[in-house]
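Number of protein chains: 2
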Amino acid sequence: MNATDQTALLSKTDMISAAAMSPLALRHAIRAGKHRGTTTGYASGFLQGNLAILPRDHADAFLQFCMKNPKASPLIGMSEPGSPHIPALGRDLDIRTDLPGYRVFRGTTDYQTVTDLTSVWRDDLVTFVLGCSFSFEDAITRGGVPVRHIVAGRNVPMYVTNIATAPAGPFHGPLVVSMRSFTPSDAIKAILYSDRYRLAHGAPVHMGDPAGIGIKDLMKPDFGDAPVMDKGDIPVFWACGVTPQMAIRNVLPDLAITHEPGLMLVTDLPAESAEFMSVGTA
Amino acid sequence: MNATDQTALLSKTDMISAAAMSPLALRHAIRAGKHRGTTTGYASGFLQGNLAILPRDHADAFLQFCMKNPKASPLIGMSEPGSPHIPALGRDLDIRTDLPGYRVFRGTTDYQTVTDLTSVWRDDLVTFVLGCSFSFEDAITRGGVPVRHIVAGRNVPMYVTNIATAPAGPFHGPLVVSMRSFTPSDAIKAILYSDRYRLAHGAPVHMGDPAGIGIKDLMKPDFGDAPVMDKGDIPVFWACGVTPQMAIRNVLPDLAITHEPGLMLVTDLPAESAEFMSVGTA
Numbered sequence: 001m002n003a004t005d006q007t008a009l010l011s012k013t014d015m016i017s018a019a020a021m022s023p024l025a026l027r028h029a030i031r032a033g034k035h036r037g038t039t040t041g042y043a044s045g046f047l048q049g050n051l052a053i054l055p056r057d058h059a060d061a062f063l064q065f066c067m068k069n070p071k072a073s074p075l076i077g078m079s080e081p082g083s084p085h086i087p088a089l090g091r092d093l094d095i096r097t098d099l100p101g102y103r104v105f106r107g108t109t110d111y112q113t114v115t116d117l118t119s120v121w122r123d124d125l126v127t128f129v130l131g132c133s134f135s136f137e138d139a140i141t142r143g144g145v146p147v148r149h150i151v152a153g154r155n156v157p158m159y160v161t162n163i164a165t166a167p168a169g170p171f172h173g174p175l176v177v178s179m180r181s182f183t184p185s186d187a188i189k190a191i192l193y194s195d196r197y198r199l200a201h202g203a204p205v206h207m208g209d210p211a212g213i214g215i216k217d218l219m220k221p222d223f224g225d226a227p228v229m230d231k232g233d234i235p236v237f238w239a240c241g242v243t244p245q246m247a248i249r250n251v252l253p254d255l256a257i258t259h260e261p262g263l264m265l266v267t268d269l270p271a272e273s274a275e276f277m278s279v280g281t282a
Numbered sequence: 283m284n285a286t287d288q289t290a291l292l293s294k295t296d297m298i299s300a301a302a303m304s305p306l307a308l309r310h311a312i313r314a315g316k317h318r319g320t321t322t323g324y325a326s327g328f329l330q331g332n333l334a335i336l337p338r339d340h341a342d343a344f345l346q347f348c349m350k351n352p353k354a355s356p357l358i359g360m361s362e363p364g365s366p367h368i369p370a371l372g373r374d375l376d377i378r379t380d381l382p383g384y385r386v387f388r389g390t391t392d393y394q395t396v397t398d399l400t401s402v403w404r405d406d407l408v409t410f411v412l413g414c415s416f417s418f419e420d421a422i423t424r425g426g427v428p429v430r431h432i433v434a435g436r437n438v439p440m441y442v443t444n445i446a447t448a449p450a451g452p453f454h455g456p457l458v459v460s461m462r463s464f465t466p467s468d469a470i471k472a473i474l475y476s477d478r479y480r481l482a483h484g485a486p487v488h489m490g491d492p493a494g495i496g497i498k499d500l501m502k503p504d505f506g507d508a509p510v511m512d513k514g515d516i517p518v519f520w521a522c523g524v525t526p527q528m529a530i531r532n533v534l535p536d537l538a539i540t541h542e543p544g545l546m547l548v549t550d551l552p553a554e555s556a557e558f559m560s561v562g563t564a
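Order-wise, the sequence lines are chains A and B. The first sequence: position 22 = 22 (this note's numbering), numbered continuously. Plus 282 on top of the position in the second sequence (first one is 1) and you've got this note's numbering.
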């Protein structure tokens with residue numbers, strides 16, 4: 001999720017034209033190899049999602065895992081087995097080519113980074129698209145509340161907690177949280193704004209004392225960059241999309257695919273649809 | 283607002299029948315002198331309100347004060363000058379007789395406690411009914427989140443802050459807050475539940491460090507009882523209906539009337555109407 005620093009390299013004119021791109025035009029540019037970096041700041045106002053692709057014989061258990069842990073794994077769409085399309089999420093959408101980067105796991109925690117899944121694709125693969133924090137971060141920012149890591153051009157800090165997810169079949173693991181800190185009154189607003197986006201992690205799961213959820217040192221996150229904290233700030237913790245990725249690493253089927261952090265699937269759905277959207281299947 | 287300890291004196295059977303009373307039957311019982319105590323726990327599910335009655339020549343400024351400070355002074359109804367009725371809030375409702383107790387201020391901070399305003403009434407009096415915290419406390423409790431002072435049978439602790447209200451005409455004064463403490467995850471829920479009740483103080487105004495809003499000693503509230511705090515609790519602060527009462531005390535017109543704390547106006551409106559109700563005028 002080294003997204004924000006890559007965005008920072010865009011000129012202001014580039015950022016405006018990037019924001020104005022339609023999701024379909026952006027997916028086509030990615031498919032043609034004309035866009036390779038982050039999707040942050042592109043196709044503004046449209047829903048972006050995390051990707052998890054698993055063989056059919058693991059799909060039922062992973063779907064259960066998502067349903068049992070909806071704050072960490074909010075399902076916004078899934079495909080039929082073998083199909084690279086999810087019509088409910090986008091016109092002429094091809095999961096194999098329309099993200100700028102993928103991580104391919106072949107039964108180990110090592111992975112290969114690729115920009116096209118065509119040669120990897122199998123008839124038994126099921127695609128899951130999960131809501132991400134962009135929707136609520138946008139809403140918080142539009143509400144006039146600064147999101148400190150974005151202002152500082154850093155990646156959000158993420159932490160492995162001592163809270164266990166609800167296991168489903170072989171999928172299990174700790175809840176991973178992302179942290180954003182605010183003044184107390186801004187923290188109240190951030191809680192209210194994020195709650196609206198039930199399919200983008202929703203309201204936070206914890207705030208205040210990091211030790212309360214097993215975080216030993218707030219300044220040393222397990223993933224992402226060290227946090228930016230102002231005096232008097234309250235740390236607020238949201239369920240994070242790294243949670244299902246860790247659950248997948250605890251299973252390691254012979255083939256599993258995720259997106260490169262920050263290089264998301266950009267859908268045709270308005271970002272606001274994370275407020276109430278039901279699962280969109282193919 | 284020594285309401286909860288009075289309620290605690292009711293037997294379980296009494297509490298069930300008290301809760302089941304209709305608002306009209308309760309107002310008639312009060313009017314007939316058959317009910318003299320708190321209204322807490324009575325006519326469950328119906329909206330209760332704080333009372334402020336002022337002479338007409340102060341009414342416009344006080345209305346402005348309410349509009350400028352809606353979290354502390356959420357207006358749910360007001361009367362025509364001289365009328366003791368507010369049809370929008372209740373059938374056969376008489377403001378002069380339908381509350382169990384009133385405080386009558388005659389140009390000083392001393393007050394007289396009465397149970398009937400008939401002999402005090404004047405043709406220039408305007409009644410304001412303001413939302414109170416009962417609506418959101420009920421919602422929090424129904425949501426499975428313990429409200430510690432209610433569980434302990436105590437009054438809510440209230441504090442004068444260093445935050446100034448927006449003045450209107452002669453009405454001015456500090457924001458007064460009530461405090462409820464929760465575990466961090468329950469605090470998040472309490473923020474979300476209370477936000478729905480925009481006309482019952484809505485979401486909190488502060489949480490965490492009491493010094494951030496000028497509170498020197500959390501264990502020594504300015505009004506109400508000392509707080510009940512569990513280990514790891516976060517204190518959460520809501521705008522409080524004592525705020526407009528302090529603003530009235532800063533003006534002291536020749537006549538001003540408020541309710542006795544805990545002895546509220548019980549309306550015919552469902553408690554949930556504090557979620558979105560517009561001002562109901564006569």
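All C-beta atoms, glycine included, are put in the ideal place defined by N, C-alpha and C. Predicted model only: the values in this text are computed from it and were never measured.
(Q) Out of A:P100, A:S44, A:R196, which one is the CA nearest neighbour of H35 (chain A)? (A) A:P100
Q | D254 (chain A), buried or exposed, once every other Cβ within 10 Å from all chains shown has been counted against 16 | A | exposed
Q. Which residues bound the beta strand (DSSP E) around R385 (chain B)?
A. 384-387
Q: Work out the CA separation of R56 (chain A) and M349 (chain B) for me, nearest whole Å.
A: 59 Å
Q: To the nearest angstrom, report how far apart D116 (chain A) and D515 (chain B) are at their CA atoms.
A: 50 Å
Q: Measuring alpha carbon to alpha carbon, tell me which of A:G241, A:P87, A:D268 ends up nearest G262 (chain A).
A: A:G241
Q | Identity of the residue in A:A187, A:G82, A:A211 nearest L203 (chain A) by Cα | A | The displayed chain sequence assigns Ala, not Leu, to residue 203 (chain A). Measuring from the Cα of A203 (chain A), the nearest candidate turns out to be A:A187.
Q. K189 (chain A): buried (16+ other C-beta within 10 angstroms of its C-beta) or exposed?
A. buried
Q | Residues near V222 (chain A) in its chain [Cβ-Cβ closer than 7 Å; skip 5 each side] | A | The residue you asked about is not Val; residue 222 (chain A) is Asp in the sequence shown. M158, Y159, V160, listed in sequence order.
Q: Please say whether A343 (chain B) and G455 (chain B) have beta carbons closer to each other than 7 Å?
A: no
(Q) Measuring alpha carbon to alpha carbon, tell me which residue in B:H483, B:G315, B:L308, B:A302 is nearest S326 (chain B). (A) Of B:H483, B:G315, B:L308, B:A302, the residue nearest in Cα terms is B:A302.
(Q) Between B:V433, B:E362, B:N444, B:G435, which has its C-alpha nearest R404 (chain B)'s C-alpha? (A) B:E362
Q. DSSP on M1 (chain A), reduced to helix/strand/coil?
A. Here M1 (chain A) scores only 39 on pLDDT, less than 50, and its place in the model should not be relied on; the value that follows carries that caveat. M1 (chain A): coil per DSSP, three-state reduction.
Q | Where the alpha helix (DSSP H) through T525 (chain B) begins and ends | A | 524-531
Q) When Cβ atoms are compared, which residues of the stretch 467-490 of chain B fall closer than 9 Å to chain A? A) S467, A469, I470, K471, I473, L474, D477, A485, P486, V487, H488, M489, G490
Q: Find the residues of chain B that neighbour I234 (chain A), judging by a C-beta separation of less than 8 Å, and give them in chain order.
A: M489, G490
Q: Measure the alpha-carbon distance for Q330 (chain B) versus N444 (chain B) and round it to whole angstroms.
A: Straight-line Cα distance between these residues: approximately 28 Å.
Q: Any chance you could list the beta strand (DSSP E) runs of at least 3 consecutive residues sitting entirely within the stretch 393-442 of chain B, in chain order?
A: Restricted to the stretch 393-442 of chain B, the beta strand (DSSP E) segments that are unbroken, complete and at least 3 residues in length are 393-396, 407-413, listed in chain order.
Q. Whose Cβ in chain A lies nearer than 8 Å to the Cβ of G494 (chain B)?
A. P184, G232
**Q.** For Q394 (chain B) and Y384 (chain B), the rounded distance between their alpha carbons
**A.** 8 Å
Q: Taking all protein chains shown into account, decide if G496 (chain B) is buried (16 or more other Cβ within 10 angstroms of its Cβ) or exposed.
A: exposed
Q) For A354 (chain B) versus T540 (chain B), is the C-beta distance shorter than 7 Å? A) Their beta carbons are not under 7 Å apart, which means A354 (chain B) does not touch T540 (chain B) by this criterion.
Q) Three-state secondary structure (DSSP) at G212 (chain A)? A) helix
Q: Measure the alpha-carbon distance for P428 (chain B) versus L345 (chain B) and round it to whole angstroms.
A: 35 Å
Q.
I'd like the list of long-range same chain contacts for L93 (chain A), defined as Cβ closer than 7 Å, with 5 residues on each side in sequence excluded.
A. R27, H85, I86
Q: State the DSSP-derived secondary structure class of I331 (chain A), mapped to helix, strand or coil.
A: With chain A covering 1 to 282 only, the question about residue 331 (chain A) has no answer from this structure.
Q. Apart from the five residues on each side of it in sequence, which residues of its chain come closer than 7 Å, Cβ to Cβ, to L481 (chain B)?
A. P356, I358, G413, A556, M559
**Q.** Per-residue DSSP class, three states only, for S467 (chain B)
**A.** helix
Q: Work out the CA separation of D420 (chain B) and K502 (chain B) for me, nearest whole Å.
A: 25 Å
Q. Leaving out five residues before and five after D477 (chain B) in sequence, what residues of the same chain have Cβ atoms less than 7 Å from its Cβ?
A. G484, A485
Q | Simplified DSSP assignment, three categories, for R180 (chain A) | A | In this structure, R180 (chain A) counts as strand in the three-state DSSP scheme.
Q: Taking all protein chains shown into account, decide if G315 (chain B) is buried (16 or more other Cβ within 10 angstroms of its Cβ) or exposed.
A: Residue burial annotation: G315 (chain B) is exposed, with fewer than 16 other C-beta atoms found within 10 angstroms of its C-beta.
Q: Would you kindly work out how many angstroms separate the C-alpha atoms of R365 (chain B) and L336 (chain B), rounded to a whole number?
A: In the sequence as displayed, the identity of residue 365 (chain B) is Ser instead of Arg. The straight-line gap from Cα to Cα measures roughly 12 Å.
**Q.** CA-to-CA distance, H431 (chain B) to V459 (chain B), given in whole angstroms
**A.** 15 Å
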